[in-house]
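Inspection log for the structure reproduced underneath, given as structure tokens.
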Amino acid sequence: MDTDVEKKSFVLKGIGVSPGIVIGKAFLYDRFDAQVSFYKLRDKSLVNKEIKRFKAALKESEKQLLKVKNELFELAGREPMYIIDVHIMILKDKMFINHTVQYIRDMLINAEWALKMTIDRYREIFEKVEDEYLKSRVSDIHFVGQRVLRNLSGGRQEEVPKIDGKDIIIAIDLSPADTAQMMINKVQGFATDMGGKTSHTAIVARAVAIPAVVGLESITKLVRTNDDIIIDGAAGLVVVNPDPEMIKVYEDKQRHFQQAQEDYLRYAHLPALTVDDYKVEIGGNIEFIEEIPSAVSHGAEGIGLYRTEFIYINKEKLPTEEEHFSHYKSVVSAEGLQWATIRTFDLGGDKFYSDPKLAKEMNPQMGLRAIRFCLKEVELFKVQLRAIARASAFGKTRIMFPMISGIEELREAKKIFCEVKRDLRAQGIPVGEDIEIGIMIEVPSAVVIADELAKEVDFFSIGTNDLIQYALAIDRINERVTYLYEPLHPAVLRLIKQVIDIGHGAGIRVAMCGEMAGEPVYIMILLGLEIDELSMNPLAIPKVKKVIRGSTLKESKELLEKVMAFSSASEIREFVNNYMRTRFPDEFQLSEQ
Ligand code: PEP
Ligand code: MG
1 MDTDVEKKSF VLKGIGVSPG IVIGKAFLYD RFDAQVSFYK LRDKSLVNKE IKRFKAALKE
61 SEKQLLKVKN ELFELAGREP MYIIDVHIMI LKDKMFINHT VQYIRDMLIN AEWALKMTID
121 RYREIFEKVE DEYLKSRVSD IHFVGQRVLR NLSGGRQEEV PKIDGKDIII AIDLSPADTA
181 QMMINKVQGF ATDMGGKTSH TAIVARAVAI PAVVGLESIT KLVRTNDDII IDGAAGLVVV
241 NPDPEMIKVY EDKQRHFQQA QEDYLRYAHL PALTVDDYKV EIGGNIEFIE EIPSAVSHGA
301 EGIGLYRTEF IYINKEKLPT EEEHFSHYKS VVSAEGLQWA TIRTFDLGGD KFYSDPKLAK
361 EMNPQMGLRA IRFCLKEVEL FKVQLRAIAR ASAFGKTRIM FPMISGIEEL REAKKIFCEV
421 KRDLRAQGIP VGEDIEIGIM IEVPSAVVIA DELAKEVDFF SIGTNDLIQY ALAIDRINER
481 VTYLYEPLHP AVLRLIKQVI DIGHGAGIRV AMCGEMAGEP VYIMILLGLE IDELSMNPLA
541 IPKVKKVIRG STLKESKELL EKVMAFSSAS EIREFVNNYM RTRFPDEFQL SEQ
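Residue numbers (our numbering): 1 to 593.
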């Protein structure tokens, strides 16, 4: 057995997604195990009771799935029902049942444990299959297994465990909902096998200032609960079992990081104005209304992106119109903020509400998400639109539709919003007179037809997270292709330039609210493009303001011209990194780019 003395020190390199340094103890979190207890049966007389319990959970699971199937049929027709049928078939599969029963009998273990063993056995078999499609179907077994497990343990919801304040979560993957829960449970940091820089899990980690490294591929196999761990969220490093010297180095780094954050705060409330007087509007991106004070204290002038889908996440029931309304009212009327851009919900992709209507899709990033989902579920959409329209009477409101890929979607969304406003007014309910309507530009087709779209909206907001994903064909949550995710790819820069030029030609404002907007290294390029508004994680605002205030528009345009002349992403990256490092030596140290 290992003792502390024998523990070997090593460093793992992943993708740093949320800066900061934490030093603490590892807690290996397996979402699957977290909700169930495994135990041995006291004696053989309990075997039959255990088998009965297992079969009752199977029956209950089948009942639930049939209910889901009926609801799905009413909503979406026959096709999605097949997925449910497959799940019911797994539940009834003789081998699935017999193996579990056999494990209970032979090993005298509880039903949860036996079921987990059956699932692991299936997983092993599927992992050996060559066919990629079949291999991926193991998720169906996992899904069914989890349902039965939940029913066995009384239908408890899965949740990130409450752990000691100094712990760092190590997991295969975490959902945005898990990350939100971590904020509540005061987790210090996390490191995962999977994930990319612009996954929503990463975005939430940055928003709640939990240092995090993702895409480590096998950290869950290399680290055990209680190992000493250091997370360096800016450099993307995880140090496991550090020696005392290493701990000292990182304690110094930690102090330096905190000091730098405090220094940047001096810029928070200064205007984002270049030396030659070019003014950029600065917005904060928020996922929860609890982040409003942070947006204000870090210097946001308004909210440039409220990701309202987070109202749905971690909920068992759909939020009511009143719940929506109270959130939107607090955002639009927040003291210290001049405006709020409320994005209608973008569920799907890597953000899931536990509602079965959002059935798992093979390719969720390109599936029924965001505006597509809203236009299919009009009644659900209207609940949110009514709440936004009502809130608009309390402060400057901008509404924004996500994932617009064609003009029909925009027209349809606007039409529904108009109807909602008309109905409210007919009922004597006040609605703001000057709600601005905008769209996110995050699908390449929207860039191509930006001239047409510009005629029908008040503003564009460029969502680089998705725009890059779709333009370069890189799944934003897949750690294996993260190396290709490059905002400085000439194709991406040309797309952004096109949107801004077309928007300005049509006389509308162009904002950016993807992660690119909050990365200081890109700021001069965006200034050179004459972006009107940058919206970002509030914690990023002070440093971005410092860079803006140290730049001129003239110099930014010259930089842009040079950048646009390169033909490859690597040349641009090298040039821009060197330029910014020379220009702002304190802000751009090697590990921060
Ligand atoms: C984006 O795609 O850039 C964006 C801001 O939206 P989200 O990250 O929520 O998809
Ligand atoms: Mg997006």
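Think of the CB as a built atom: it goes at the ideal place given N, C-alpha and C, for glycine as much as any other residue.
- Through-space distance from Arg42 to Tyr312, alpha-carbon basis: Counted from its first residue, the sequence shown places residue 312 at position 312. Counted from its first residue, the sequence shown places residue 42 at position 42. Using only the alpha carbons, I get a separation of about 43 angstroms.
- Residue ranges of each beta strand (DSSP E) run of no fewer than 3 residues wholly in the region 38 to 77, ordered along the chain? none
- Query: Given a threshold of 16 other Cβ atoms within 10 Å of its Cβ, counted over all protein chains shown, does Glu442 qualify as buried or as exposed?
  - Reply: Here residue 442 refers to the residue found at position 442 when the sequence shown is read from its first residue. Burial call: buried.
- Is it the case that the CB of Cys513 approaches a heavy atom of ligand 1 more closely than 7 angstroms? For the purposes of this step, residue 513 is taken as residue 513 along the sequence shown, with counting starting at 1. Flag set: Cβ of Cys513 near ligand 1.
- Message: Looking at Phe190: is its Cβ nearer than 8 angstroms to the Cβ of Glu112?
- Response: Residue numbering aside, residue 190 sits at position 190 when the sequence shown is read from its first letter. Residue numbering aside, residue 112 sits at position 112 when the sequence shown is read from its first letter. Cβ atoms of Phe190 and Glu112: not closer than 8 angstroms.
- Task: Under the assumption that Thr220 contacts Ile292 (Cβ atoms under 8 angstroms), give the Cβ distance between them as a whole number of angstroms.
- Result: On the sequence shown, position 220 is the one that residue 220 refers to. On the sequence shown, position 292 is the one that residue 292 refers to. Incorrect: roughly 35 angstroms between the Cβ atoms, too far for contact.
- Which two residues bound the contiguous alpha helix (DSSP H) that contains Phe257? For the purposes of this step, residue 257 is taken as residue 257 along the sequence shown, with counting starting at 1. It spans Pro244 to Tyr264 - the alpha helix (DSSP H) in which Phe257 sits, taken as one unbroken run.
- Message: For Lys414 and Tyr103, I'd like the C-alpha separation in whole angstroms.
- Response: Reading the sequence shown from its first residue, position 414 is the one you call residue 414. Reading the sequence shown from its first residue, position 103 is the one you call residue 103. Approximately 58 angstroms, taken between the alpha carbons.
- Message: Does the distance between the C-beta of Met440 and the nearest non-hydrogen atom of ligand 2 fall short of 7 angstroms?
- Response: Your numbering for residue 440 matches position 440 in the sequence shown. At least one heavy atom of ligand 2 is nearer than 7 angstroms to the Cβ of Met440, so yes.
- Message: Quick check: is any heavy atom of ligand 1 less than 7 angstroms from the C-beta of Leu305?
- Response: Here the question's residue 305 lines up with position 305 in the sequence shown. The answer is yes for Leu305.
- Query: Per the contact definition of three or more C-beta pairs closer than 8 angstroms, is the region 340 to 347 in contact with the region 391 to 401?
  - Reply: yes
- Query: Starting from Ala26 and walking both ways along the beta strand (DSSP E), at which residues does that stretch end?
  - Reply: Residue mapping note: residue 26 aligns to position 26 of the sequence shown, counting from 1. Ala26 -> beta strand (DSSP E) spans Ile21 to Leu28.
- Query: Quick one, which of Val457, Leu265, Gly20 and Ser535 has its alpha-carbon nearest Ala205's?
  - Reply: Walking along the sequence shown from the start, residue 205 turns up at place 205. When each option's Cα is compared against that of Ala205, the closest is Gly20.
- Query: What does a CB cutoff of less than 6 angstroms around Lys279 pick up in its chain, not counting 5 residues either side in sequence?
  - Reply: The residue labelled residue 279 in the question sits at position 279 within the sequence shown. Closer than 6 angstroms at Cβ, skipping near neighbours: Leu273.
- Task: Please name the residue in Asp228, Leu12 and Pro542 whose C-alpha comes closest to that of Pro602.
- Result: Outside the displayed range of the chain (1 to 593) lies residue 602, so it cannot be described from this structure.
- Item | Nearest neighbour of Asp167, chosen from Ser153, Val187 and Asp252 [CA to CA] | Translated into the one-based positions of the sequence shown, residue 167 becomes position 167. Looking at the Cα atoms, Val187 is the closest of the given residues.
- Item | For Leu453, the first and last residue of its enclosing alpha helix (DSSP H) | Position 453 of the sequence shown, counted from the start, is the residue given in the question as residue 453. Per DSSP, Leu453 belongs to the alpha helix (DSSP H) from Ala450 to Ala454.
- Query: Around the C-beta of Lys543, are 16 or more other C-beta atoms found within 10 angstroms, so that it is buried, or is it exposed?
  - Reply: The sequence position of residue 543 within the sequence shown is 543, counting from 1. Lys543 comes out buried.
- Query: Cα separation between Gln210 and Tyr485?
  - Reply: Start at 1 with the first residue of the sequence shown, and residue 210 comes out as number 210. Start at 1 with the first residue of the sequence shown, and residue 485 comes out as number 485. Before going further, note that residue 210 is Ile rather than Gln in the sequence given. Going from the Cα of Ile210 to the Cα of Tyr485 covers about 23 angstroms.
- Query: Per DSSP, what kind of secondary structure is Gly304 in: helix, strand or coil?
  - Reply: For the purposes of this step, residue 304 is taken as residue 304 along the sequence shown, with counting starting at 1. Three-state DSSP puts Gly304 in a strand.
- Message: Judging by CA-CA distance, which residue of Val213, Asn70, Ser218 and Leu115 is the nearest neighbour of Lys197?
- Response: For the purposes of this step, residue 197 is taken as the residue at position 197 of the sequence shown. Among Val213, Asn70, Ser218 and Leu115, the Cα nearest to that of Lys197 is on Val213.
- Message: For a cutoff of 8 angstroms on Cβ pairs, would you count Gly304 as touching chain B?
- Response: Here chain B cannot be found, since the structure has a single protein chain.
- Is it true that the CB of Leu115 sits closer than 8 angstroms to the CB of Val68? Your numbering for residue 68 matches position 68 in the sequence shown. Your numbering for residue 115 matches position 115 in the sequence shown. Not a contact, by the Cβ cut-off of 8 angstroms.
- Item | C-beta atoms of Ile84 and Gly284 nearer than 8 angstroms | Position 84 of the sequence shown holds residue 84. Position 284 of the sequence shown holds residue 284. No.
- Query: Is Gln469 buried or exposed, if buried means 16 or more other CB atoms sit within 10 Å of its CB?
  - Reply: Against the sequence shown, residue 469 aligns to sequence position 469. Looking at its Cβ environment, which holds 16 or more other Cβ atoms inside 10 Å, Gln469 is buried.
- For Ala471, which of helix, strand or coil comes out of DSSP? Reading the sequence shown from its first residue, position 471 is the one you call residue 471. Reduced to three states, the DSSP call for Ala471 is helix.
- Nearest-angstrom Cα distance between Val239 and Pro520? Position 239 of the sequence shown, counting from 1, holds the residue named residue 239. Position 520 of the sequence shown, counting from 1, holds the residue named residue 520. Those two C-alpha atoms are separated by around 27 angstroms.
- Message: Based on DSSP bridge pairs, tell me the residues matched to Ile441.
- Response: Position 441 of the sequence shown, counted from the first residue, corresponds to residue 441. In the DSSP output, where bridge partners are listed per residue, Ile441 has Ile462.
- Task: Over the uninterrupted alpha helix (DSSP H) stretch that includes Arg411, give me the two end residues.
- Result: Within the sequence shown, residue 411 is the residue found at index 411, counting from 1. Start and end: Ile407 to Ala426.
- Message: Between the alpha carbons of Met580 and Ile429, how many angstroms are there, rounded?
- Response: Looking up residue 580 in the sequence shown gives position 580. Looking up residue 429 in the sequence shown gives position 429. Whole-angstrom Cα-Cα distance: 52 angstroms.
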